[in-house]
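Okay, so here's the structure we're looking at.
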């Protein structure tokens, strides 16, 4: 495949992926904005602990098979479909077994995650595990083939269901049960639509040899996933057991909303980046060029969003969650600021490790971070909720340093090259932050805040376009995305 044709395929996929993510990231936050005004933070705390359980179990049921199907170079479609079938049946069997175990041990599990008396809720909510097994393999095959148009249809159906089901149930007073039922129906719709539309249909073919090959390939992806789960959920586990469901609801809802905002940019890029880098893993020049282009493109939008939400955290919290979530303002602000740095300088490194077939590096990075993260959370939790939040957010910068080290000495991408790649955007965002802070001191009120945000946006892109390299890249990207003729020719 030539570089032009490959880039054309990636651009086409990026269009549909972007449309999918933008549409879903508008509907999902809108649903959460409405629910946050109906339900108490405690209800979101209960759902957070359930998500902690299901996300942990899903790592073992999937066992890294999705990444195997995306990255593996198969000799034929028949070989690919056989591997997909083995992965599907393994996922399904494992998910059913785990769900039965959870049903039997539901009360001890509820106590373990800080929700005593919620065993029945945990058992019912985890019914989504077998449903997820029906859709995960099809999604991997679509991503492998850059068929994000089909995934767009699936995502639109699933994101619409919570909006039309969860909100009415919440208004009827079902509290966290509204969220549980909405989630189950969402996963059910994914399973149905993907199974119907997929060219590959599961059958009863099974091969132990293929399973061993897949597992040997994916074992480090599984271990890496466990380390990532610990990094993502250890703070929630500590809050649930040391503080309360109220604080857990405040924390996870705030960070989730910030992540959803950031994922308007990243969620449309990361799946394509991994698929593209996996295809280019043996071509270092194209690999590095693609990585740096995507990193700079994401930084162009993520840096100003992070600084903007940090400066206007009160306004952002009021819009996203409502007036009764005032305590979430500081969580939203500091999490957005550190997320912008973590996404650009940290998260993409993990995609590089996996695309290069070196998930051990991601695991090593996670463990080096956990060594610092766990004691930081345990110690800071003794001094109150906000101390833990700030400590947890700022310690992410240590994770960035770990990635810098591994990218330099193992992958061969120098730290300074990465820094130079995003320096113009970092400078522009920092200057915009100073400009925004100055505007905030001049006046208050909703109208002034909205007007000053608009001025900051204009100020930021005005500075960005002063850098000739960025200006040329933005112009080139715009021409490629907007020119349908060029895409179809590629």
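Numbering (full-length UniProt numbering), first residue to last: 1 to 490.
We put the CB at the ideal spot given by N, CA and C, even for glycine.
Bear in mind the structure is a predicted one, so any value in this text is a computation, not a measurement.
For residue 293, report the span of its alpha helix (DSSP H) as first-last.
284-311
Can residue 98 and residue 191 be called in contact, C-beta distance under 7 Å?
no
Under DSSP, the alpha helix (DSSP H) around residue 115 begins and ends at which residues?
That residue, residue 115, is in no alpha helix (DSSP H); it is neither H nor E in DSSP.
Residue range of the alpha helix (DSSP H) that includes residue 460:
446-464
Closest to residue 452 by CA distance: which of 325, 415 and 312 is it?
312
Taking C-beta to C-beta, are residue 136 and residue 224 nearer than 7 Å?
no
Can you name, in chain order, every residue of its own chain whose Cβ lies under 6 Å from the Cβ of residue 327, other than the five neighbours on each side?
250
Let me know if residue 437 comes out buried or exposed under the rule of 16 or more other beta-carbons within 10 Å of its beta-carbon.
exposed
Which class does residue 163 belong to by DSSP, given the choice of helix, strand or coil?
helix
Below 7 Å between beta carbons: does that hold for residue 376 and residue 240?
no
In angstroms, rounded to a whole number, what distance separates the CA positions of residue 358 and residue 291?
16 Å
Residue 176 and residue 47 - do their beta-carbons sit closer together than 7 Å?
yes
Between the alpha carbons of residue 113 and residue 229, how many angstroms are there, rounded?
14 Å
Could you check what DSSP says for residue 207 in three-state terms: helix, strand or coil?
coil
Distance check for residue 104 and residue 405, CA to CA, integer angstroms please.
45 Å
What's the call for residue 373, buried or exposed, on a 16-neighbour Cβ count within 10 Å?
buried
Residue 383 by DSSP, collapsed to three states: which one?
coil
Below 7 Å between beta carbons: does that hold for residue 304 and residue 418?
no
On the CB-based measure, 16 or more other CB atoms within 10 Å of its CB, does residue 183 come out buried or exposed?
buried
Under a Cβ-count criterion, where at least 16 other Cβ atoms within 10 Å of its own Cβ denotes burial, should residue 402 be classed as buried or exposed?
buried
Within 10 angstroms of its Cβ, does residue 253 collect 16 or more other Cβ (buried), or is it exposed?
buried
Which same chain residues, not among the five before or five after residue 336, have their C-beta less than 6 Å away from its C-beta?
258, 306, 309 and 310
Verify whether the separation of the beta carbon atoms of residue 231 and residue 66 is less than 7 Å.
no
Using only the alpha-carbon positions, how far apart do residue 412 and residue 286 sit?
14 Å
Residue 488, DSSP secondary structure in three states:
Unreliable placement is indicated for residue 488, whose pLDDT of 36 sits below 50; the coordinate value is still reported in the next sentence. Of the three classes helix, strand and coil, the one that applies to residue 488 here is helix, per DSSP.
Among the candidates 356, 92 and 45, whose CA atom is the shortest distance from the CA of residue 204?
92
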